[in-house]
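Have a look at the structure below before the remarks.
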Ligand SMILES: Nc1ncnc2c1ncn2[C@@H]1O[C@H](COP(=O)(O)OP(=O)(O)O)[C@@H](O)[C@H]1O
Ligand SMILES: [Mg+2]
């Protein structure tokens with residue numbers, strides 16, 4: 004067991020080490036959410052600057068409504084892409100080094116997923132810090148609980164990313180997933196506009212979109228506004244994370260070079 | 562079978578591996594004893610890498626039985642993984658980490674830690690002469706340095722059996738000679754069993770106790786380098802003798818299988834073993850008062866063996882051939 008734990012820890016350590024070296028990647032992954040907050044959020048916040056508008060957003064100013072969603076989005080993006088980068092390890096051969104080791108496969112892949120999740124949460128926290136500068140109705144006491152939601156979200160989506168990466172064989176498929184899966188999930192999560200004004204068919208997608216529950220949960224703890232019970236959000240996320248981790252571990256345990 | 566498990570590091574019986582309809586390995590059988598350096602020699606696409614991947618538990622065999630360190634690769638892959646170190650044909654380092662970090666990571670994954678791990682890392686990095694470069698990112702390493710680091714990494718956890726898939730592919734001759742030295746040394750000093758693949762004949766000949774020649778997924782010949790070369794025919798000793806007269810072959814009749822007189826005072830003697838026959842032939846010549854101006858011999862190479870068995874050359878060109886070509890072209894220009 005201590006062997007498994009060692010492998011888990013050192014794989015997480017590897018992800019963090021690589022993250023610290025890859026400054027360009029860090030900057031680019033933070034820039035994207037900042038662009039959303041500044042150019043999208045600040046722009047619309049002036050448009051929505053009348054009393055009726057506050058009612059649309061559950062009594063919040065637009066930036067306070069938007070920023071928790073952008074935080075969730077940034078954690079989601081970072082963790083999903085982090086998981087999918089297993090495909091680079093495949094490409095550059097490092098995966099073979101891990102596969103040929105006697106350490107339990109579930110431990111090596113879980114270590115990697117935890118490392119990537121911590122990185123995603125760090126990025127989310129940077130965005131959250133910036134959010135406090137522009138949004139005025141955020142509650143600092145909600146931050147610790149939000150971190151929990153962020154962590155579970157990132158474990159779930161790193162797991163999903165890893166599982167996909169173990170299945171896909173081409174960089175084209177990778178690009179397809181980024182553009183046809185990630186962006187729609189972000190838009191249909193209630194991060195940018197409230198769920199209840201969506202057309203019904205969109206609502207259906209939003210209800211099965213796990214990101215919806217993260218946005219909702221984090222928004223609840225930071226602003227008190229939500230569409231669902233925050234504990235339901237937590238339960239949905241935890242369920243997804245559990246499934247994703249088990250699937251990733253199973254797939255990785257059975258992985259060969261075929 | 563139980564006795565075999567203890568005596569042999571590797572036992573392969575009727576191994577078959579397919580990729581879809583392509584049969585990459587087609588019923589291969591061989592055994593490698595502990596402490597031996599065993600080589601798979603064959604052209605590109607012969608099935609060498611596929612075999613190594615099956616032996617290293619990274620590919621599931623479609624048929625046959627494979628035991629590595631006495632463990633079945635299908636039933637007890639973890640047991641196999643504990644006993645082996647692998648240097649893959651394609652790079653498998655983390656190039657965003659330093660050389661030291663790559664070994665540290667490997668050590669921790671294999672359950673080493675603390676002072677012991679530090680000692681092992683230093684020992685292995687010194688062994689492949691990379692200690693001075695330990696803190697550089699691997700992405701700035703040269704091809705030869707990367708290969709050396711991979712060898713150090715594969716040995717770090719002290720495996721009994723080391724797999725090397727084309728260990729000097731694409732390296733310059735000097736780096737190659739270095740890597741040959743390491744392989745000889747690790748066998749001599751650490752007693753590691755080595756299974757290597759190569760498509761360089763000189764490499765197989767220089768390093769291996771036994772060689773299996775593989776082509777289209779099948780082993781077509783197996784034996785020590787000497788045994789294999791004997792398959793392609795006998796050695797030939799050439800002499801140039803001052804004032805050679807017809808009938809000169811008569812002097813050497815009992816020392817050669819066959820003797821032929823060539824123009825220009827030359828004689829060609831077919832013998833079993835040129836190295837042993839040559840001194841005797843020269844002694845005979847002196848006894849008979851013949852003035853030998855030049856002596857040389859030709860031995861069949863492993864390439865001749867491959868040619869004999871398949872009708873093809875083992876490869877069109879490689880570093881050694883290129884060097885020869887360069888040397889030759891220089892010679893012609895003069
Ligand atoms: N992943 C793969 N998918 C399909 N065919 C493969 C794959 N890997 C190898 N092959 C084929 O199997 C045969 C043996 O390949 P390989 O084991 O790499 O040979 P070698 O290492 O001797 O060059 C070749 O015909 C090669 O094209
Ligand atoms: Mg190969």
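Protein chains in written order, with my numbering: chain A, 4 to 261; chain B, 562 to 895. For glycine and all other residues, C-beta sits at the position ideal for the given N, C-alpha and C.
- By the rule of a C-beta closer than 6 Å to any heavy atom of ligand 1, the residues picked out are 580/B, 583/B, 585/B, 603/B, 605/B, 606/B, 607/B, 608/B, 609/B, 610/B, 611/B.
- In this structure, residue 192/A places its C-beta atom within 7 Å of the C-beta atom of residue 218/A.
- Residue-level contact check: residue 724/B does not touch chain A, since none of the beta carbons of chain A fall below 7 Å from its beta carbon.
- Between the C-alpha atoms of residue 239/A and residue 58/A there is a straight-line separation of about 27 Å.
- In chain order, 670 make up the part of chain B whose C-beta sits under 9 Å from the C-beta of residue 111/A.
- Interface with chain A (7 Å Cβ-Cβ cutoff): residue 695/B is excluded.
- Runs of the alpha helix (DSSP H) lying entirely within the region 50-88 of chain A and spanning at least 4 residues, in chain order: 54-59, 65-87.
- Of the heavy atoms belonging to ligand 2, none sits nearer than 6 Å to the Cβ of residue 735/B.
- By the criterion of at least three beta-carbon pairs nearer than 8 Å, the region 709-729 of chain B is in contact with the region 674-685 of chain B.
- Secondary structure of residue 875/B (DSSP, three-state): coil.
- For the pair residue 583/B and residue 94/A, the Cα-to-Cα distance works out to about 23 Å.
- A distance criterion of 6 Å places the beta-carbon of residue 126/A beyond contact range of ligand 2, judged by its closest non-hydrogen atom.
- Counting along the chain, residue 111/A sits inside the alpha helix (DSSP H) bounded by residues 108-137.
- Inclusion of residue 755/B and residue 723/B in the CB contact set at 7 Å is warranted, their separation being smaller than that value.
- If you draw a straight line from the Cα of residue 726/B to the Cα of residue 649/B, it is about 5 Å long.
- Interface criterion met: the Cβ of residue 97/A is under 7 Å from a Cβ in chain B.
- Under the DSSP assignment, residue 773/B falls in the beta strand (DSSP E) whose first and last residues are 771-776.
- Annotated three-state conformation of residue 236/A is helix, per DSSP.
- Taking the beta carbon of residue 213/A as reference, no residue of chain B falls within 9 Å; the closest one sits roughly 30 Å away.
- According to the DSSP secondary-structure assignment, residue 818/B is paired through a beta bridge with no residue.
- Per the DSSP secondary-structure output, residue 857/B pairs in a beta bridge with 799/B.
- Looking at 704/B, 793/B, 608/B, the one whose alpha-carbon comes closest to that of residue 868/B is 793/B.
- Spanning the alpha carbons of residue 695/B and residue 116/A requires a straight line of approximately 28 Å.
- Using a Cβ distance threshold of 7 Å, residue 10/A and residue 111/A count as a contacting pair.
- For residue 178/A, the distance from the CB to the nearest heavy atom of ligand 2 is not below 6 Å.
- Three or more beta-carbon pairs drawn from the region 119-135 of chain A and the region 20-38 of chain A are found closer than 8 Å, and the two stretches are therefore classed as touching.
- In this structure, residue 650/B has its CB closer than 6 Å to one or more heavy atoms of ligand 2.
- Residue 18/A sits buried, since 16 or more C-beta atoms from the chains shown fall within 10 Å of its C-beta.
- For residue 572/B, the uninterrupted beta strand (DSSP E) segment begins and ends at 569-580.
- Excluding the 5 residues flanking it on each side, residue 767/B has same chain C-beta neighbours closer than 7 Å at 741, in chain order.
- Going by C-alpha positions, residue 187/A is about 44 Å away from residue 613/B.
- By the C-beta criterion, the region 65-76 of chain A is judged not to be in contact with the region 160-169 of chain A, since fewer than 3 inter-stretch pairs fall below 8 Å.
- Your pair residue 628/B and residue 13/A does not check out as a contact, with CB atoms roughly 30 Å apart and the cut at 8 Å.
- Counting the other CB atoms within 10 Å of its CB gives residue 162/A a total of 16 or more, which places it among the buried residues.
- In the three-state reduction of the DSSP assignment, residue 830/B falls in the strand class, which pools E and B.
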